[in-house]
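S.K.: Just dropping this structure here.
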Amino acid sequence: MAKATKSVIAAVLATTAVVPAIAVSANEATTTSVQVTTEQVANTIDFTLQEPTGRLGTYVTGPATLVERNGAQYMQLNLSDAVLEMVEQVLVGKISVLEMNNGKKTVLIRLTEDYAPINVDFTLNSPFVSGNFEAVITPVAPTVDAPEPPTEETPEQPEEKPTQPTPEKPAEEQKPVFEEGDFGEVENGVYDITYDAINPNDNTVGYTAITSHFKPAAKLIVEDGAYRVQIETAERSNAMIADVTIAGKSATVISGTATAGTRVFEASIPSLEALHDASVHVVVAAMGMDKVYPFGFAVTAVNEQLVEAPTPEQPVTPEEPIEETPAPPTTETPAPTTPPSDATTMPLYVYTDGEQKLSIMQGTYVNEQVEVTSTATGYNVDITFPKGQHINSFDVLGATVAKKSETVEGENTVKVYTVQVDDLTRVYTATVDLSVRHNENGVEFAYDEIYDVQMQFGGKVNPFTDIQRSANYGAIVQLYSAGIFKESNKFNPNDNVKRSQFALMLQRGLQLDVPATTKFTDIAKFDAEAQNAIKALNGYGVINGTTGTTFAPGMEITRKQAALMIYRLLVKKGFEPTGVTADFTDVKGNGEDAVAIAELNKLGVMTGFEGKFNPQNKLTRNQMAKVLHNTLQVIETLK
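Written out as structure tokens, the structure reads:
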């Protein structure tokens, strides 16, 4: 199974219990035996479950209900309705322990007197998980002080049933029904709010089958009596959410992608008080799932006041802390800004697969420097393994590998491999077959392993812990190495970029002259570096501002705005437009923005997705890294 498919299934499994109304065809032809009622409930019994895949434990959890039937003890598994719908068969040996009681499935497993482990076979069938699962359930024996479970009376002796009142199940707490609030008049601005999903079946609040797929915090934008709301997906559910509708219209994705992190959806609502028809479209192609789930969307203010969020006019910090922390002095060799023409020594960083930490191979089994030579089609990278006798094989995904030399030096065999790559800024995944034999005091220790590592050529060692799986990993590290991004524990790739931040990153890469004055009156509260960046780009003709005197530095930049800035910059640097047009369904006309998007798409600086450019979507930090890196590469070719 492909890793991508596994990750989708893992994300789905993590949310299975909250996906509403899953229709599953289950085998209900099981013979009904004795009814299990609340009168028989005496105690609970815990258990452990062992199952090779670990997947069954997601659904079958303790404790179970302990009941007594005709002198024998049974454990009744407490499974949710959603899980019971998946269950087709449960066998102990060849005997079914799946019963139908009052139209509901029940799993009732007989216990031995010594509470011995029980082999139980489960058959599940659902869009999320299907197949047979062989498990071992080990009951945890009740303590001595635990009360004896009351004896279940047989139907033939009704007169012997206990006459005392039997404890009833606690009444299930009733959820309140949605009621419209009264927000009064809300002035223009951006607000942090809370919202709720309403169950369409009974109009009750707190519909967790929906809210569990989204983050609880949201934003409200009020403009001249019009309202827009922004809600963000939960990371674990992001990939499975294809679409969201609110107030009868499809919400617009303004940031993020379905392939990583989270997304923010924005939709207009006609009023704050009313309940709005909404739905979420869930698609898991790998499992054949494609369904729309309706709910009601409501802005809530229960015992809360709406708190106005900071607006661009209020004092704001122009950069996230990640951009303000000065990079500490380092002795590491930065990546060359231009491709090496002759043999060049560059640093090599080897990371543990999928992690930010350096691998045990670094400096021990592989040299920390590589020799790089440019070729007609790319680069030859010579990687040296000083203890090559331990290396059985070495392969690099997306590159050609050949052994260049092998020499014996003392007790070690030094192996040099030449890796042919087309892009030094990429991070490559390598597979290493390693065998280590070590004799200590006459005792031989053996270590054999085949594992993946990530290799980075040049730059500084990556300080960010949250970009290992980013498609733009190489661009982020290269820009960090060049001083455009500052060192921090996290890069926050899915955060949106403010206009001041984008200007600052551009200026760090360009180092344009800074004019003494500027027409913008709304940048005085920002630090000197940000102000100088805005002044420089405005003086160079790259940015014009939102009005004649305002730049709106605190606003998040859109993809269209970024494209216009980059296009103007490239033209100033000598780029000649080709007249190409872009085949994006959401880019029309022949205005400057359409021309900019088309030209940048042809250059590969900014590209679209599934036939769309999404010009009004906010630019994320991950996307900014790609755009800046590609822009600087194009500028190098224009010199």
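Read in order, the letters of the sequence shown are residues -23 to -1, 1 to 616 in mature numbering (1 follows the signal peptide of the UniProt record, and there is no 0). All C-beta atoms in this analysis are idealised placements derived from N, C-alpha and C, irrespective of residue type, glycine included. All figures in this text were calculated on a predicted structure; none of them were measured in a lab.
1) For Q27, count neighbouring Cβ atoms within 10 angstroms of its own Cβ and tell me buried if that reaches 16, exposed if not.
2) Please go through the same chain and pick out, in chain order, the residues whose beta-carbon is closer than 6 Å to the beta-carbon of M601, but skip the five residues on each side of it.
3) Would DSSP call S370 helix, strand or coil?
4) Taking a contact to mean a Cβ-Cβ separation below 7 Å, would you say A575 touches A559 in this structure?
5) Cutting at 6 Å between CB atoms, please list the residues of its own chain near G585, excluding the five before and the five after it.
6) Excluding the 5 residues flanking T171 on each side, which residues of the same chain have their C-beta closer than 6 Å to its C-beta?
7) For T315, does the count of other Cβ atoms within 10 angstroms reach 16, so buried, or fall short, so exposed?
8) As a quick exercise: from T402, V74, R536, V582, pick the residue whose alpha carbon is nearest that of G233.
9) By Cβ distance below 6 Å, which residues in the same chain neighbour K268 in space, the five residues on each side in sequence not counted?
10) Determine the DSSP secondary structure at N594, reduced to helix, strand or coil.
11) Going by DSSP, name the residue or residues bridged to S351.
12) Between T100 and the rest of its own chain, which residues show a CB-CB distance below 6 Å, the 5 nearest in sequence each way excluded?
13) So what's R240 in DSSP terms, helix, strand or just coil?
14) Count the CB pairs spanning the segment 430 to 438 and the segment 374 to 394 that are closer than 8 Å, and state whether there are at least three.
15) Name the DSSP bridge partner or partners of P271?
16) Can you tell me whether R598 is buried or exposed, with buried defined as 16 or more other CB within 10 angstroms of its CB?
17) Under three-state DSSP, which class holds T555?
18) If you compare alpha carbons, which of T523, P29, E90 is closest to Y51?
19) Nearest-angstrom Cα distance between K381 and T395?
20) Helix or strand or just coil, what does DSSP make of R32?
21) For L615, count neighbouring C-beta atoms within 10 Å of its own C-beta (all shown protein chains included) and say buried if the count is 16 or more, exposed if not.
22) Threshold first: 4 residues or longer. Then list the alpha helix (DSSP H) segments lying entirely within the segment 160 to 227, N to C.
23) Does the distance from the CB of D23 to the CB of P40 come in under 7 Å?
24) Do V413 and H367 have their C-beta atoms within less than 7 Å of each other?
25) Across which residues does DSSP place A448 in a beta bridge pair?
26) For I500, which option in V491, D490, A493, I511 has the closest C-alpha, if you only look at C-alpha atoms?
27) Going by DSSP, which residues form a beta bridge with A41?
28) Could you give the first and the last residue of the continuous beta strand (DSSP E) run that contains G233?
29) Compare the C-alpha of residue 658 against each of V557, G556, L577 and name the closest.
30) Where does residue 627 land, buried or exposed, given buried means 16+ other C-beta within 10 angstroms?
31) What are the partner residues of F362, as DSSP defines its beta bridges?
32) Tell me which same chain residues have a C-beta within less than 7 Å of the C-beta of V582, skipping the five on either side of it?
33) When burial is assigned at 16 or more other CB atoms within 10 Å of the CB, is L352 buried or exposed?
34) Roughly how many whole angstroms lie between the Cα atoms of T354 and E587?
35) State the DSSP-derived secondary structure class of F479, mapped to helix, strand or coil.
36) Could you please give the first and the last residue of the uninterrupted alpha helix (DSSP H) stretch that includes N515?
M.R.: A quick look at the data gives this:
1) Here residue 27 refers to the residue found at position 50 of the sequence shown. With fewer than 16 other Cβ atoms within 10 Å, it is exposed.
2) Working through the sequence shown from its first residue, we reach residue 601 at position 624. The residues are V474.
3) Start at 1 with the first residue of the sequence shown, and residue 370 comes out as number 393. S370: strand per DSSP, three-state reduction.
4) Within the sequence shown, the letter at position 598 stands for residue 575. Within the sequence shown, the letter at position 582 stands for residue 559. A contact, by the Cβ cut-off of 7 Å.
5) As a working mapping, residue 585 is identified with position 608 in the sequence shown. Answer for G585: F561, listed in chain order.
6) For the purposes of this step, residue 171 is identified with residue 194 of the sequence shown, where counting begins at 1. Within the same chain, T171 has close Cβ partners T277.
7) Residue 315 sits at position 338 when you count from the first residue of the sequence shown. Reliability fails at T315, whose pLDDT of 44 lies under 50, so the model's placement of it is uncertain and the value that follows must be treated cautiously. Its Cβ having fewer than 16 others within 10 Å, T315 is exposed.
8) Here residue 233 corresponds to residue number 256 of the sequence shown, with the count starting at 1. Out of T402, V74, R536, V582, R536 has the C-alpha closest to the C-alpha of G233.
9) Taking the first residue of the sequence shown as position 1, residue 268 is located at position 291. Answer for K268: V259, listed in chain order.
10) For this step, residue 594 is matched to residue 617 along the sequence shown. Coil.
11) Along the sequence shown, read from residue 1 onward, the residue named residue 351 stands at position 374. According to DSSP, S351 bridges with Y356.
12) The residue given as residue 100 occupies position 123 in the sequence shown. These residues qualify, in order along the chain: E65, Q66, N109.
13) Here residue 240 refers to the residue found at position 263 when the sequence shown is read from its first residue. Three-state result, R240: strand.
14) no
15) Your numbering for residue 271 matches position 294 in the sequence shown. Paired residues: S256.
16) On the sequence shown, position 621 is the one that residue 598 refers to. Buried, by the Cβ-count rule.
17) As a working mapping, residue 555 is identified with position 578 in the sequence shown. In this structure, T555 counts as coil in the three-state DSSP scheme.
18) The count along the sequence shown starts at 1 and reaches residue 51 at position 74. The shortest C-alpha separation from Y51 is found at E90.
19) The residue labelled residue 381 in the question sits at position 404 within the sequence shown. The residue labelled residue 395 in the question sits at position 418 within the sequence shown. When rounded, the distance between both Cα atoms is 6 Å.
20) Working through the sequence shown from its first residue, we reach residue 32 at position 55. DSSP places R32 in coil when its eight states are reduced to three.
21) Residue mapping note: residue 615 aligns to position 638 of the sequence shown, counting from 1. Label assigned to L615: exposed.
22) 185 to 188
23) In the sequence shown, counting from the first residue as 1, residue 23 sits at position 46. In the sequence shown, counting from the first residue as 1, residue 40 sits at position 63. Yes, Cβ-Cβ distance for D23 and P40 is below 7 Å.
24) Along the sequence shown, one-based indexing puts residue 413 at 436. Along the sequence shown, one-based indexing puts residue 367 at 390. Yes, they are a contact pair.
25) As a position in the sequence shown, residue 448 is number 471, starting the count at 1. In the DSSP output, where bridge partners are listed per residue, A448 has none listed.
26) Counted from its first residue, the sequence shown places residue 500 at position 523. I500 has its Cα closest to that of I511, out of V491, D490, A493, I511.
27) Taking the sequence shown and counting its residues from 1, one reaches residue 41 at position 64. In DSSP, A41 forms a bridge with I22.
28) Residue numbering aside, residue 233 sits at position 256 when the sequence shown is read from its first letter. Per DSSP, G233 belongs to the beta strand (DSSP E) from 229 to 234.
29) Given that the chain is displayed from residue -23 to residue 616, the structure contains no residue 658 and the question cannot be resolved.
30) The first residue shown for the chain is -23 and the last is 616, placing residue 627 beyond what the model contains.
31) Numbered from its first residue, the sequence shown carries residue 362 at position 385. According to DSSP, which records beta bridges pairwise, F362 is partnered with K392.
32) Taking the sequence shown and counting its residues from 1, the one referred to as residue 582 is at position 605. For V582, where only same-chain residues beyond five positions count, the Cβ hits under 7 Å are I543, V604, N607, T608, V611.
33) Here residue 352 refers to the residue found at position 375 of the sequence shown. Just to set this straight, residue 352 is Thr in the shown sequence, not Leu. It counts as exposed.
34) Numbered from its first residue, the sequence shown carries residue 354 at position 377. Numbered from its first residue, the sequence shown carries residue 587 at position 610. Each residue's Cα considered, the two are about 30 Å apart.
35) Against the sequence shown, residue 479 aligns to sequence position 502. Of the three classes helix, strand and coil, the one that applies to F479 here is helix, per DSSP.
36) The sequence position of residue 515 within the sequence shown is 538, counting from 1. From DSSP, the alpha helix (DSSP H) with N515 extends over 505 to 517.
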